[in-house]
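Position one of the sequence shown corresponds to residue 6 (our numbering), numbered consecutively onward. C-beta atoms are modelled at their ideal positions from N, C-alpha and C, and glycine is treated no differently. Everything on this sheet refers to the single structure shown next.
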Amino acid sequence: MKNDNYIPALSYDVLTPFYDTVVGLTTREKQFKKALVEQTKVKTNHRVLDVACGTGTLTILLKRSVPKAEIIGVDGDPKILELAKEKARKGNFEIRFDEAMSFDLPYADESFDRAVSSLFFHHLTREKKLETLREVKRILKPGGELHVADWGLPANSAMKFLSRFIQLLDGFETTADNFDGLLPKLIADAGFEQIEETSYYNTLFGTIRLHKSRKP
Numbered sequence: 006m007k008n009d010n011y012i013p014a015l016s017y018d019v020l021t022p023f024y025d026t027v028v029g030l031t032t033r034e035k036q037f038k039k040a041l042v043e044q045t046k047v048k049t050n051h052r053v054l055d056v057a058c059g060t061g062t063l064t065i066l067l068k069r070s071v072p073k074a075e076i077i078g079v080d081g082d083p084k085i086l087e088l089a090k091e092k093a094r095k096g097n098f099e100i101r102f103d104e105a106m107s108f109d110l111p112y113a114d115e116s117f118d119r120a121v122s123s124l125f126f127h128h129l130t131r132e133k134k135l136e137t138l139r140e141v142k143r144i145l146k147p148g149g150e151l152h153v154a155d156w157g158l159p160a161n162s163a164m165k166f167l168s169r170f171i172q173l174l175d176g177f178e179t180t181a182d183n184f185d186g187l188l189p190k191l192i193a194d195a196g197f198e199q200i201e202e203t204s205y206y207n208t209l210f211g212t213i214r215l216h217k218s219r220k221p
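Written as structure tokens, this is what we have:
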């Protein structure tokens, strides 16, 4: 299901096997993903979609936190999905992983209670960001919530300098909206409400900001 708009983890297929190591060492992953899971307030009867789940780290954290909830991971990269499936098998987690693009999700309208995403939107052009956000809104139930962790407006000049590496790696066109602090506006433009920044984390490559929002 790949197309010309597709960008693999760390931008290059050859780097995919090193994704977990790189993210773990450079982004304070344990802290910000723990906070993201906690703010979702997933319940046992909830159905949750991890959009662009990558190697499944966040997906598995969600399942571990609420074992009876239905957790589904979706990603456009079959190679990285195999890594996610293997991690779930090793941990004995019953998680479904689907291959699909974020802007063309294979799910029914209003079929999820929560959607989450981690370090993904900065890979997308503004057009694809908005298409993805509208797709997520479509599959969420009324009152359903979107929880996002991604690169955001640098907290200070040091973070601004360090964020240049991400821009060089992932491209200035796709990352500009994130580092200009525009992701909350785009979420609003897609029709979400009650948009709130919940926390932020300064890392080796810039500032990661967490947001939550609600479908009307």
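Checklist entry - So, residue 175 versus residue 128, is the Cβ gap smaller than 9 Å? => result Taking the sequence shown and counting its residues from 1, one reaches residue 175 at position 170. Taking the sequence shown and counting its residues from 1, one reaches residue 128 at position 123. Contact: yes.
Item to check | Ordered list of beta strand (DSSP E) runs contained in the stretch 138-207, each at least 3 residues | outcome: 145-156
Checklist entry - Three-state secondary structure (DSSP) at residue 211? => result Within the sequence shown, the letter at position 206 stands for residue 211. Strand, per DSSP.
Item to check | Sequence-distant residues of the same chain with beta carbon closer than 6 Å to residue 103, five excluded per side | outcome: Counting from one through the sequence shown, the residue named residue 103 turns up at place 98. So the qualifying residues of the chain are 79.
Checklist entry - Where does residue 89 sit, in a helix, a strand or coil, going by DSSP? => result Along the sequence shown, read from residue 1 onward, the residue named residue 89 stands at position 84. Here residue 89 sits in helix by DSSP.
Item to check | Under the three-state DSSP convention, the category residue 51 falls into | outcome: Along the sequence shown, read from residue 1 onward, the residue named residue 51 stands at position 46. The answer is coil: DSSP assigns residue 51 none of H, G, I, E or B.
Checklist entry - Thinking just about the alpha-carbon of each residue, which of 213, 51 and 116 is nearest to the one in residue 160? => result Against the sequence shown, residue 160 aligns to sequence position 155. Ranking 213, 51 and 116 by Cα distance to residue 160 puts 213 first.
Checklist entry - What does a CB cutoff of less than 6 Å around residue 221 pick up in its chain, not counting 5 residues either side in sequence? => result Counting from one through the sequence shown, the residue named residue 221 turns up at place 216. So the list reads 198, once near-sequence residues are dropped.
Checklist entry - Is the stretch 176-195 in contact with the stretch 118-132, if contact means three or more CB pairs nearer than 8 Å? => result yes
Next on the checklist: Quick check on residue 98: does DSSP put it in helix, strand or coil?
Outcome noted: Sequence index remark: in the sequence shown, residue 98 carries index 93 (1-based). The answer is coil: DSSP assigns residue 98 none of H, G, I, E or B.
Item to check | Range of the contiguous alpha helix (DSSP H) that encloses residue 69 | outcome: Indexing the sequence shown from 1 puts residue 69 at position 64. 62-70 is the extent of the alpha helix (DSSP H) around residue 69.
Item to check | Cβ pair count under 8 Å reaching 3, the stretch 83-94 against the stretch 148-168 | outcome: no
Checklist entry - Going by alpha carbons, who is nearest to residue 70 out of 215, 54 and 39? => result Position 65 of the sequence shown, counted from the start, is the residue given in the question as residue 70. Residue 70 has its Cα closest to that of 39, out of 215, 54 and 39.
Next on the checklist: Can you give me the C-alpha to C-alpha distance between residue 193 and residue 92, rounded to a whole angstrom?
Outcome noted: Walking along the sequence shown from the start, residue 193 turns up at place 188. Walking along the sequence shown from the start, residue 92 turns up at place 87. Computed Cα separation, rounded: 34 Å.
Next on the checklist: Is the beta carbon of residue 107 closer than 9 Å to that of residue 153?
Outcome noted: What you label residue 153 is simply residue 148 of the sequence shown in a count that begins at 1. What you label residue 107 is simply residue 102 of the sequence shown in a count that begins at 1. Result no, Cβ atoms of residue 153 and residue 107 do not sit closer than 9 Å.
Next on the checklist: Restricting to Cα atoms, I'd like to know which of 205, 117 and 98 is closest to residue 56.
Outcome noted: Residue numbering aside, residue 56 sits at position 51 when the sequence shown is read from its first letter. Looking at the Cα atoms, 117 is the closest of the given residues.
Checklist entry - From residue 34 to residue 110, what does the alpha carbon distance come to, in whole angstroms? => result Taking the sequence shown and counting its residues from 1, one reaches residue 34 at position 29. Taking the sequence shown and counting its residues from 1, one reaches residue 110 at position 105. Their Cα atoms are separated by approximately 26 Å.
Next on the checklist: At the level of alpha carbons, what is the spacing between residue 120 and residue 96?
Outcome noted: As a working note, residue 120 is residue 115 in the sequence shown. As a working note, residue 96 is residue 91 in the sequence shown. Between residue 120 and residue 96, the C-alpha separation is close to 22 Å.
Checklist entry - Roughly how many whole angstroms lie between the Cα atoms of residue 203 and residue 105? => result As a working mapping, residue 203 is identified with position 198 in the sequence shown. As a working mapping, residue 105 is identified with position 100 in the sequence shown. If I take the Cα positions, the gap works out to 29 Å.
Checklist entry - Tell me the DSSP bridge mates of residue 122? => result In the sequence shown, residue 122 corresponds to position 117, counting from 1. Answer is 56 and 153, bridged to residue 122.
Item to check | C-alpha gap between residue 46 and residue 101, whole angstroms | outcome: Taking the first residue of the sequence shown as 1, we reach residue 46 at position 41. Taking the first residue of the sequence shown as 1, we reach residue 101 at position 96. Those two C-alpha atoms are separated by around 20 Å.
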